[in-house]
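Read in my numbering, the sequence shown has 96 at position 90, and its numbers run on one by one without any break.
Read through the structure below, which is laid out as structure tokens, and then see the notes.
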Amino acid sequence: MSVSHSVYAVYGVVVAPPREREALDESLAAQAHRPASRNLADVRVQLFTVGDDEHVVLGAGYEQLGPNTYRAVPSLPVCAGWDDALLEQVRNLGLTVWSGPCWHVVHDLS
7 MSVSHSVYAV
17 YGVVVAPPRE
27 REALDESLAA
37 QAHRPASRNL
47 ADVRVQLFTV
57 GDDEHVVLGA
67 GYEQLGPNTY
77 RAVPSLPVCA
87 GWDDALLEQV
97 RNLGLTVWSG
107 PCWHVVHDLS
């Protein structure tokens, strides 16, 4: 069995694991399929889960960090509209925010 190892910097919010995961998946799937931009209408919120859904991150922007590299967090850009798009999803779904919006380092072994 091979293990995939990925590390991402994700600008988003960590939320309490939703009771109704299907509603979250449907809401995120209903968004228009376009790349994130500075226009709030164009921001696409994505789902990042770590472990067995014990950590759920809604992200408006992300950057994959390669092996043997580093990135200064202050150098990662934050686009206008990201906070609003994230908090709108949280409100619409009645989710509880544990952390953010801010940059999070997501270390995933899948």
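Ideal placement from N, C-alpha and C gives every residue a C-beta, glycine not left out.
Item                                                                                                                    : Value
At the level of alpha carbons, what is the spacing between Phe54 and Asn74?                                             : 22 angstroms
Where does Asp114 fall in DSSP's three states?                                                                          : strand
Would you tell me roughly how many angstroms separate the C-alpha atoms of Tyr31 and Ala78, rounded to the nearest one? : Note on residue identity: the sequence assigns Asp, not Tyr, to residue 31. Whole-angstrom Cα-Cα distance: 32 angstroms.
Would you kindly work out how many angstroms separate the C-alpha atoms of Leu64 and Val112, rounded to a whole number? : 11 angstroms
Quick one: grab the DSSP three-state call for Pro24.                                                                    : coil
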